[in-house]
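2 protein chains.
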Amino acid sequence: MAASFVRNGRKIVAIGRNYADHVKELKNTIPKEPFFFLKPTTSYLPSGGNVEIPRGIVAHYEVELGLVIGKGGRDISSSDADSHIAGYALAVDMTARNLQDEVKKKGLPWSAVKGFDTFTPIGSFIPKSQVADPHNLSLWLKINGQLKQNGNTADMIFRIPRLIEHVSSIMTLEEGDLILTGTPSGIGPINAGDEILCGLADAATQQELSKLEFG
Amino acid sequence: MAASFVRNGRKIVAIGRNYADHVKELKNTIPKEPFFFLKPTTSYLPSGGNVEIPRGIVAHYEVELGLVIGKGGRDISSSDADSHIAGYALAVDMTARNLQDEVKKKGLPWSAVKGFDTFTPIGSFIPKSQVADPHNLSLWLKINGQLKQNGNTADMIFRIPRLIEHVSSIMTLEEGDLILTGTPSGIGPINAGDEILCGLADAATQQELSKLEFG
Ligand SMILES: [Mg+2]
Ligand SMILES: [Mg+2]
Ligand SMILES: [Mg+2]
């Protein structure tokens with residue numbers, strides 16, 4: 000079932016502020032522990048689709064590595080976390096940035112600003128066996144051929160086992176859940192008509208693991 | 000499938016600040032339009048279970064009417080909203096109030112403070128045919144026999160069709176989704192060992208529609 004997580008999964012848990020350069024560009028402070036928000040699975044957009052930008056919304060891209068949960072569980076220890084991962088997926092955490100600025104000021108939830116239909120472009124399932132080291136992957140995003148984001152998962156503030164430990168200490172993880180692990184710097188808006196292309200590769204061998212495109 | 004929404008549903012959309020008396024007791028301002036947050040379906044606790052209060056957490060009850068979606072859709076108009084409802088359920092939106100006060104100050108998401116396992120006690124599915132008027136239901140909550148909340152759905156600031164219109168303008172609703180419609184005044188903490196009993200009844204006839212209990 001994990002391979003069909005886009006169709007059958009029940010939740011998307013997205014980590015915020017997990018790359019120091021991105022924390023700086025949004026003038027936020029480095030978190031002392033991981034934090035996260037939920038996105039609805041109705042926000043998935045398979046590669047090749049179009050992000051719908053609601054009227055009046057400034058829609059920012061955030062390219063991220065996704066963890067697809069295989070074996071569910073709660074209170075998963077970081078030492079046991081890897082055994083709960085079935086695979087990976089390249090994803091974009093689209094964000095209504097102008098609305099997010101407003102709700103942050105008012106202390107309101109992030110669910111709407113992160114949860115519009117089509118706001119989670121998602122690549123194909125990558126079986127775990129194809130990934131030598133999830134903490135040494137390059138992930139990048141281009142708009143109309145121009146490189147905007149180019150990060151390495153080695154730069155995560157909180158690494159994958161810690162993320163799984165933290166999330167599962169609050170809510171049970173189930174098979175098919177997706178955890179988004181945060182975005183490196185370079186985020187910005189997309190506009191109608193833009194062509195967005197993202198890639199994920201093994202940073203040691205340059206072997207491509209996934210591509211994801213949308214308009 | 001709607002009748003088995005607790006097992007098979009994919010999201011819980013919870014409306015905030017939808018009863019004026021509750022808005023006042025938390026010293027919040029009356030919203031100009033509905034707002035909501037997501038709770039994970041892993042937070043469901045069937046009647047008869049025990050809410051787990053994490054160490055250091057002040058866990059508040061909020062008794063609420065839940066709408067169970069039958070026919071999915073997006074951009075549902077308020078005039079069409081009723082046809083998307085399969086039934087109702089009595090629910091409690093448990094909230095880690097001390098953590099919520101912190102995240103509101105910091106402009107952080109609400110997902111964790113609302114999303115702990117067991118933080119959505121939920122009653123049985125009530126088929127729509129049993130409910131004469133969803134805007135004239137009394138809902139109450141007692142702790143150890145003492146009445147704490149006693150509201151009427153007639154007092155919602157935003158009524159059910161408007162809630163469905165608003166949520167579905169942002170995210171597609173699917174069969175088995177639950178919409179929590181907000182809580183009347185009287186919220187407060189529960190403590191280990193408390194016995195909580197909630198009820199839902201037709202306010203015109205006093206006919207009982209649901210009971211929900213947890214410890
Ligand atoms: Mg993100
Ligand atoms: Mg927390
Ligand atoms: Mg509530």
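Those protein sequence lines, which keep their order, are chains X and F. Position one of the first sequence corresponds to residue 0 (numbering that gives the first Met the number 0), numbered consecutively onward. Position one of the second sequence corresponds to residue 0 (numbering that gives the first Met the number 0), numbered consecutively onward. Think of the CB as a built atom: it goes at the ideal place given N, C-alpha and C, for glycine as much as any other residue.
Check: Check the DSSP bridge columns for X/Ala94 and list the partner residues they point to.; Outcome: Note that residue 94 of chain X corresponds to Thr in the displayed sequence, not to Ala. Answer by DSSP bridge pairing, in chain order: X/His59.
Check: Am I right that F/Phe115 and F/Ala95 are in contact with their C-beta atoms under 8 Å? What's the rounded C-beta distance?; Outcome: 7 Å
Check: Using a Cβ-Cβ cut-off of less than 8 Å, list which residues of the region 114-125 of chain X approach chain F; keep chain order.; Outcome: Gly114, Phe115, Asp116
Check: Between which two residues does the beta strand (DSSP E) harbouring X/Asn149 extend?; Outcome: 145-151
Check: Just jot down, in chain order, the residues whose CB lies closer than 7 Å to any heavy atom of ligand 1.; Outcome: X/Ala13, X/Gly15, X/Glu61, X/Glu63, X/Asp92, X/Thr94, X/Leu179, X/Gly181, X/Thr182
Check: Here's a check: name, in chain order, each residue in its chain whose Cβ is nearer than 6 Å to the Cβ of F/Thr30, leaving out the five neighbours to either side.; Outcome: Per the sequence shown, residue 30 of chain F should be read as Pro rather than Thr. Once the five neighbours on either side are set aside, the close Cβ partners of F/Pro30 are Arg16.
Check: Can you name the residues of chain F whose CB is closer than 7 Å to the CB of X/Ile169?; Outcome: Ala111, Gly114, Phe115
Check: Does any residue of chain X bring its CB to less than 7 Å from the CB of F/Lys70?; Outcome: no
Check: Just how far apart, CA to CA, sit X/Met7 and F/Pro39?; Outcome: The sequence shown places Asn at residue 7 of chain X, rather than the Met named in the question. Straight-line Cα distance between these residues: approximately 15 Å.
Check: Shorter than 7 Å from the beta carbon of X/Gly106 to some beta carbon of chain F?; Outcome: yes
Check: Tell me which same chain residues have a C-beta within less than 6 Å of the C-beta of F/Glu24, skipping the five on either side of it?; Outcome: Ser184
Check: Less than 6 Å between C-beta atoms, sequence neighbours within five positions excluded: which residues of the same chain meet that for X/Ile142?; Outcome: Asp193, Ile195
Check: Against F/Lys10, what residues of chain X qualify as contacts under a CB-to-CB distance less than 7 Å, listed in chain order?; Outcome: Pro39
Check: Taking 7 Å as the threshold (beta carbon to beta carbon), is F/Lys103 in contact with chain X?; Outcome: yes
Check: Are the C-beta atoms of X/Phe36 and some chain F residue less than 7 Å apart?; Outcome: yes
Check: Which residues does DSSP list as the beta-bridge partners of X/Val12?; Outcome: X/Leu37, X/Ile178
Check: By the 7 Å beta-carbon criterion, what residues does the region 170-181 of chain X contribute toward chain F?; Outcome: Met170, Thr171, Glu173
Check: The beta strand (DSSP E) that contains F/Asp20, what's its start and end?; Outcome: Per DSSP, F/Asp20 belongs to no beta strand (DSSP E); it is in the alpha helix (DSSP H), 19-24.
Check: Please determine, among X/Ile14, X/Ser137, X/Gln205, X/Thr41, the residue with the shortest C-alpha to C-alpha distance to X/Ile121.; Outcome: X/Thr41
Check: If contacts are defined as beta-carbon pairs under 8 Å, then F/Ala80 and F/Pro160 qualify, I think. What distance do you get, rounded to the angstrom?; Outcome: 4 Å
Check: Name the chain X residues that come within less than 8 Å of F/Ser42, Cβ to Cβ?; Outcome: Met170
Check: Please list, in chain order, the residues of the region 140-164 of chain X that have any C-beta partner in chain F closer than 8 Å.; Outcome: none
Check: Would you please state the rounded distance, in angstroms, between the beta carbons of X/Ile68 and X/Ile84? I believe it to be under 8 Å.; Outcome: 7 Å
Check: Does the distance from the C-beta atom of F/Thr182 to that of F/Val12 stay below 7 Å?; Outcome: no
Check: Strictly below 9 Å CB to CB, what residues from chain F border X/Arg73?; Outcome: Thr41, Asp116
Check: Could you round the C-beta distance between X/Ala202 and X/Leu140 to whole angstroms and report it? I think they count as a contact, below 8 Å.; Outcome: Going by Cβ atoms, the distance from X/Ala202 to X/Leu140 rounds to 16 Å, so no, they are not a contact pair.
Check: Hey, how far is the Cα of F/Arg73 from the Cα of F/Glu164?; Outcome: 8 Å
Check: Please list, in chain order, all residues of the same chain as F/Gly216 whose beta carbon is under 6 Å from its beta carbon, the five residues on each side excluded.; Outcome: With chain F represented from 0 up to 214, any question about residue 216 of chain F goes unanswered, as that position is not in the structure.
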